[in-house]
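Protein chains: 4
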Amino acid sequence: MIHSIVWLKHECTVQTVEGRRNWGILERLNAGEVVIGDGGFVIALEKRGYVKAGPWTPEATVTHPEAVRQLHREFLRAGANVMQTFTFYSSDDKLENRGQSLKYTGAQINEAACDLAKEVASEGDALVAGGVCQTPSYLSCKSETEVKAIFKKQMEVYIKKNVDFLIAEYFEHVEEAEWAVQVLKTGGKPVAASMCIGPEGDMHGVSPAECAVRLVKAGSQIIGVNCHFDPMTCVQAVKMMKAGVEKAGLKAHYMVQPLAYHTPECNCQGHIELPEFPFALEPRTLTRWDMHKYAREAYKVGIRFIGGCCGFEPYHIRAVAEELAPERGIMPPGSEKHGMWGSALEMHTKPWVRARSRREYWENVMPASGRPKCPSLSTPECWGVTKGHADLLQHKEATSTQEMKHVLEMQKKAKSSA
Amino acid sequence: MIHSIVWLKHECTVQTVEGRRNWGILERLNAGEVVIGDGGFVIALEKRGYVKAGPWTPEATVTHPEAVRQLHREFLRAGANVMQTFTFYSSDDKLENRGQSLKYTGAQINEAACDLAKEVASEGDALVAGGVCQTPSYLSCKSETEVKAIFKKQMEVYIKKNVDFLIAEYFEHVEEAEWAVQVLKTGGKPVAASMCIGPEGDMHGVSPAECAVRLVKAGSQIIGVNCHFDPMTCVQAVKMMKAGVEKAGLKAHYMVQPLAYHTPECNCQGHIELPEFPFALEPRTLTRWDMHKYAREAYKVGIRFIGGCCGFEPYHIRAVAEELAPERGIMPPGSEKHGMWGSALEMHTKPWVRARSRREYWENVMPASGRPKCPSLSTPECWGVTKGHADLLQHKEATSTQEMKHVLEMQKKAKSSA
Amino acid sequence: MIHSIVWLKHECTVQTVEGRRNWGILERLNAGEVVIGDGGFVIALEKRGYVKAGPWTPEATVTHPEAVRQLHREFLRAGANVMQTFTFYSSDDKLENRGQSLKYTGAQINEAACDLAKEVASEGDALVAGGVCQTPSYLSCKSETEVKAIFKKQMEVYIKKNVDFLIAEYFEHVEEAEWAVQVLKTGGKPVAASMCIGPEGDMHGVSPAECAVRLVKAGSQIIGVNCHFDPMTCVQAVKMMKAGVEKAGLKAHYMVQPLAYHTPECNCQGHIELPEFPFALEPRTLTRWDMHKYAREAYKVGIRFIGGCCGFEPYHIRAVAEELAPERGIMPPGSEKHGMWGSALEMHTKPWVRARSRREYWENVMPASGRPKCPSLSTPECWGVTKGHADLLQHKEATSTQEMKHVLEMQKKAKSSA
Amino acid sequence: MIHSIVWLKHECTVQTVEGRRNWGILERLNAGEVVIGDGGFVIALEKRGYVKAGPWTPEATVTHPEAVRQLHREFLRAGANVMQTFTFYSSDDKLENRGQSLKYTGAQINEAACDLAKEVASEGDALVAGGVCQTPSYLSCKSETEVKAIFKKQMEVYIKKNVDFLIAEYFEHVEEAEWAVQVLKTGGKPVAASMCIGPEGDMHGVSPAECAVRLVKAGSQIIGVNCHFDPMTCVQAVKMMKAGVEKAGLKAHYMVQPLAYHTPECNCQGHIELPEFPFALEPRTLTRWDMHKYAREAYKVGIRFIGGCCGFEPYHIRAVAEELAPERGIMPPGSEKHGMWGSALEMHTKPWVRARSRREYWENVMPASGRPKCPSLSTPECWGVTKGHADLLQHKEATSTQEMKHVLEMQKKAKSSA
């Protein structure tokens, strides 16, 4: 389990880990431990061929469990302490709208997801978190009762499967996030709540500080943000949340699971605004060295549940774990295949690559895009449509030609006024 | 063959495939078929946590077969017709120099690699290719006999495991590539030879045309290039090879397996020259749309074995297969999770993303790096050391402080004269 | 005087201009006219060989009057309605510190400057403005009395030479600007006050709104910003000034004379923070089309005295004048040598250049830097030293080796913490 | 000659200069002296408001002599030893096509140009060169006799005005350049010939080497290239010319007068191909430090007549003269207002700018564009039309709507195939 950490004197580490094997998420955070999250599954599995961009649904837990299991294992090996069930967009209302000829219910997908996460978590030092996220029902203005019923149905699977804790994540509207937290609280497990917002707040302009206070009041013990923005932007948003909670005299733990894409020019809806989303984001991908900076910054701000979302590959999580190894007293298993700060390049054939086997080199590298005809920044595209807008209504039928024509017209208009 | 398919009726496709199920590589190429290669394993598995950058050896075939198997499966699903054994740098001389405390022989690693490749190949329409690549023995000026003995030892495993054909790949010096081909020819299987060179030719300045002629004369039926340069540069180099072969009145099939990184500024040794190699190449990663252009260009030039090397993820291979679907009359299995040219974005929540569900959009997108303080191109670093140079000698001991000091001094000198 | 404006129906224009020939700056602004300023002399004449970067003093008015006169003429021809005397940094305290062996007093330089500006102004429809700017005495914490005496000495020349109005410009500290305005008010001429600040306010963090209110209360009828930031940033700062003045129930006219360099990454001290200042700013230079956007935006915000500062060449001012020609009812004389929106390219030899003779083309061009190894943005360097800091003290002696060593050490420290 | 000068004692310099005051261009070059050329007038005066982009004709010599005289003076002051008459495109056939209502003959313009150049040359150590350039008559396939008659008419003015030597410059076709040289040779003055070509040769693909040989055989004593490409590209082209001449056993002196714009992506027709030509080239402008590198490189290659063309401002020529001051034993007059390698920044107010008063800083600065949404390189647009093509025919009438429609269609076609 524990691997030789040359530069850390930590014989005690093994003991510590063994000693707290059955600690839950709150025990760990209360003890001041750093909990490493995993990375996003949707984008990683899209690239591997198991998720369809557009619908983004996770039926692969049933159809290709080996692919989902393997990705869990890679994140575990990279140092993750949390295996999130791969249940993004697996509420029945979403599956119905997106599924076309899908043969699986939400319950089937979610049960399979729990089994996979639990199987891999048991192979190492990880907890299982069952997740819910924003629903098309909310965007279509269904009632609180209807929306909450959707969350409840998902939660019942997680409780039945006895996951370790619950996460309400990827919410653009704090109201819906509160509803989710209120439902999840009934499960009797610790509840984390994570919104996909940046420093500008939720889609109605509710500030991160106010979102945070409302989520804590709704009952979540851990709050933070995930997806939509790059690491530094997300850390900034969580910092604002923390300030809000503290100003209100409340208490919480903090989490952050950002994109692995640089999005400095994004405002309200993050990378979804970028013209490169979702099929040309490659040049924005963070390096492992960017991840060291992110992990350090998140730690400094006081965040202790530090993971990733879209764009994170296992090596990104490993970099987070390596940066915080001194604080955690443990190196991730996957570091057996990684020289800290590139030290294993000492064994590269070419001498000039051997000369790069040191921290100073990689901390200062300025990676070129290799694309001299492309710009550094794009013009984000954000139409400002939100809950209740006709263009956000979803239905079983594929987008009609008429609808698409309307959408293209709106895009043209948006561009000319940019 | 079926052309202009909007989407293929899978049933008829299978029949076609079944009809030629036991065709070998030459039968396929002779019949004018396009053979899709797989992508590189070394970089993909480094990111997943199973290969160590620096030594770059493939002991994961023994230690983590599930990870290797999964990557094979993803490439198969993406449309690859060739499963290359994951045997890069698995010659005994390399393993000895790089292994430190390795417990596995080259034979063990290579046998496991064959088993994994064959297992997955049997799940679809793919052939297995056993591979050898350049050796530290050659760079250290060992004799032809000694170097050939190394290739022979590897080949014997492939023959014993009855792979479908053999590839001598990743050679910087045509002389060593010839030696490899001469050995592989004794195995009685078709032989492909692929050098890691660009339009400037091999490390001694032998032109692609001359390299090609020598490889054909040495006995390889398929020739081309792999690794070190971006797709368009590699296609250009193979074009020069083809012209050389034709001018010499010879015949061959052509293959190309380039990087998935844009390297427009590289000259002699490709991406290894770049200051970003190997840990900050992310911004150079090709999008799937870049891959469409690559596949089309390779096809136009007359190359029929089209695959990838370092940086390729399964979705890159899928894009190659999708671009050439009209010519091949078949879509890859993984396309069930991909809307051709982004068409599945019709089902995205946000309307402005739905507006991107069309070819015209993605063909013209200019992806930004999100890094305004980084340049577009770097200054390549190429010291011109080659076969026999002291700095290329490898030994079991880790690089000494003294050696590293020397290397850093040389780097400083190289930079100041750049 | 008035030239054929094909697209404007403005026979009346000539009359108007003639009719108000002896209008002063306030009459024009009160009547709602747009007054076009000139561009900066310091940088333009540095490039022509008459100003020394570092000291930046204007002794050329005495030593090379023909060069100064010619630049005035070019701005007049470009459409400028204001000829500012070339008297930047021509206070005696500055000249003494910077002059080494200078043989000219401030009075001599300033008188010559007035003569040149008046001579050229009389050749067209322009007013003469005498200017003062921030002093080393203030930065060195001399008393209000001492600092005011310096302004007074300069002003007396302008009154003697009977300029049309006075400008206190390029102030980083509102307190010193107020002192300048208080002195200039005693001259009995209209007074404009322009600070070199951005949206973050002056060097002590006094907001643009508060600076504005204080300057109006000190007596200036026209307020705004100049230098240090790019056009859009400067317009933004003036907008904040205007809001402050209006909120305070006061009244003023507004002016803006920004850089002709893009400085999106600058904060407190503008382009002076950039590593490219002052000898590598070329790639940031605005095109004439950028100037059209600037002029339009400034006009929209309600600014009516619109000119330029460092980096502006005559063609930049002409673009401002051309953009606002519909509002002004007049084209600048220099437009006889310029096809509006590139229309004269119709007569270019190459047909593809003829195809660019239209507004749509130039409004959408994205100019490349031709420097793929350079970044898009830099890391500004701002040490936060301000009034009274030892490093800002100036003296007659050249910087000593000891001082330079100290400065280099501080720079190294600043960089490593960036 | 004086080497390693920190600053030259002006008195001794003058003596040296006096000693050879009436040396001609060939005496200087034969003696191994470096002759500094001036910069381009067309673009510089377009920015100042005296030349119209599109027609590009030099009637300002008559209409605004003070502006032309001032630019001559600035180049002289910057160190130029050659004052080229401002006679670009002043052949009668061009003036007729471009002039619309022009009231001046070529002879009038050219005589005025000679007077201005001679007046300023006499103020310093400079020679006057009368120039001819390519004609619309040649592009329209007029006969050799007709084209030569045009050159002869221009030359007669130069002979009458007794200029020091003649330059045939800006030729895209070597045949026309030969004709020009043949005519100019009859004047009895030294003849220089300079083509606007790059390493790919003239518009019919005649290599620089062959062009060079033909020009030498036609009688020019000095050959080289000007305009169209950036300094390093031009130096490369002249290097190829020199190799050709030497291989042919001939002798010549070499000149280079490149753009002051970075054009690394240009091929056949240089900056004219760029989408930014002529109104958005600003970000490509070379810094003075780029000019130091250019001057050094040109000198190394063996070029001894080193000047500039479009984009050069006086400070660019000064940088060339400063770089070669050790070889020339003389600093340009304008350096009194310039600290070598930025040394005068020692007297800047801000300490961090003082820290830049040294060569190491400026040699390594990587200037940012300040435009993160713009690319580094553009896609050149070159239609391949050349001599005799209908789209190059010129006539007195302005381009008709019909013609422009045709041109726009061709552009659209060219873009879609790029």
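Protein chains in written order, with this note's numbering: chain U, -9 to 408; chain S, -9 to 408; chain H, -9 to 408; chain Y, -9 to 408. From the three backbone atoms N, C-alpha and C, an ideal C-beta is built for every residue, glycine too. For clarity, every value in this text was computed on a predicted model and none was experimentally measured.
Evaluate Thr77 of chain H with the Cβ neighbour count: other Cβ atoms within 10 Å of its Cβ, from every protein chain shown; 16 or more gives buried, anything less gives exposed.
buried
Please tell me whether Cys186 of chain Y and Asn216 of chain Y are closer than 8 Å, where the distance is taken between their beta carbons.
yes
Would you kindly work out how many angstroms separate the C-alpha atoms of Ser127 of chain Y and Asp83 of chain Y, rounded to a whole number?
7 Å
With distances taken Cα to Cα, identify the nearest neighbour of Glu159 of chain Y among Y:Asp115, Y:Ala183, Y:Arg204, Y:Gln74.
Y:Ala183
In the stretch 179 to 232 of chain U, which residue ranges form an unbroken beta strand (DSSP E) of at least 3 residues, counting only runs that do not cross its ends?
181 to 185, 212 to 216
Using 8 Å as the threshold, is the stretch 364 to 373 of chain U in touch with the stretch 264 to 282 of chain U, meaning 3 or more CB pairs across them?
yes
Listing by chain order, which chain Y residues have their CB less than 7 Å from the CB of Pro362 of chain U?
Pro365, Ser366, Leu367
Can you give me the Cβ contacts of Arg349 of chain Y inside the same chain, cut-off strictly under 6 Å, excluding the 5 residues immediately before and after it?
Trp331
Nearest CA to the CA of Tyr94 of chain H: which residue from H:Val52, H:Thr135, H:Glu134?
H:Val52
Residues near Gly121 of chain H in its chain [Cβ-Cβ closer than 8 Å; skip 5 each side]
Gln74, Thr75, Thr77, Phe78, Leu156, Ile157, Ala158, Glu159
Environment of Ser359 of chain U [buried if 16+ CB atoms lie within 10 Å]:
buried
Quick check: is the beta carbon of Leu383 of chain H nearer than 8 Å to any beta carbon in chain Y?
no
Please confirm if Val171 of chain U has its CB atom under 8 Å from at least one CB of chain S.
no
Terminal residues of the alpha helix (DSSP H) in which Ala119 of chain S lies
No alpha helix (DSSP H) contains Ala119 of chain S, which is instead part of the beta strand (DSSP E) from 117 to 122.
Can you grab the Cα-Cα spacing for the pair Ala404 of chain Y / Leu398 of chain Y, in whole Å?
10 Å
Using 8 Å as the threshold, is the C-beta distance between Val235 of chain S and Ala288 of chain S below it?
no
Here's the rule I'm using: 16 or more other beta-carbon atoms within 10 Å means buried, otherwise exposed. How should Glu168 of chain Y be labelled?
buried
Three-way DSSP call (helix, strand, coil) for Tyr40 of chain U in this model
coil
Let me know if Gln90 of chain Y comes out buried or exposed under the rule of 16 or more other beta-carbons within 10 Å of its beta-carbon.
In this prediction, Gln90 of chain Y has a pLDDT of 48, which is less than 50 and means its spatial position is unreliable; what the coordinates show is noted afterwards. Classification of Gln90 of chain Y: exposed, given that the 10 Å Cβ count is below 16.
If you compare alpha carbons, which of H:Thr176, H:Thr253, H:Gly292, H:Ala311 is closest to Met145 of chain H?
H:Thr176
Any C-beta of chain U under 8 Å from that of Arg38 of chain S:
yes
For a contact defined as C-beta to C-beta under 7 Å, what are the partners of Gln401 of chain U on chain S?
Trp342, Ala345
Does the stretch 54 to 63 of chain U come into contact with the stretch 104 to 118 of chain U, if we say contact requires no fewer than three beta-carbon pairs (one atom in each stretch) closer than 8 Å?
yes
Do the CB positions of Phe161 of chain Y and Cys123 of chain Y come within less than 8 Å of each other?
yes
Which two residues bound the contiguous beta strand (DSSP E) that contains Gln74 of chain U?
72 to 74
Can you find a C-beta in chain S that's less than 8 Å from the C-beta of Pro248 of chain U?
no
Considering just the uninterrupted stretch of the alpha helix (DSSP H) at Phe141 of chain S, what are its terminal residues?
134 to 150
For Thr77 of chain U, which three-state DSSP category applies?
coil
How far does the alpha helix (DSSP H) with Phe65 of chain H in it reach, from first residue to last?
55 to 68
So, for Pro323 of chain Y: in the same chain, excluding its five sequence neighbours on each side, which residues have a beta-carbon less than 6 Å away from its beta-carbon?
Arg67
Taking 8 Å as the threshold (C-beta atoms), are Cys201 of chain H and Val164 of chain H in contact?
yes
In whole angstroms, give me the CA-to-CA distance for Gly297 of chain S and Val25 of chain S.
8 Å
Please report how far the alpha carbon of Lys151 of chain U lies from the alpha carbon of Asp154 of chain S, in whole angstroms.
46 Å
Considering just the uninterrupted stretch of the alpha helix (DSSP H) at Ala158 of chain U, what are its terminal residues?
Per DSSP, Ala158 of chain U belongs to no alpha helix (DSSP H); it is in the beta strand (DSSP E), 155 to 161.
If you follow the alpha helix (DSSP H) that Tyr251 of chain Y is in, where does it begin and where does it stop?
From DSSP, Tyr251 of chain Y is part of no alpha helix (DSSP H); its letter is neither H nor E.
Does DSSP put His282 of chain H in a helix, in a strand, or in coil?
helix
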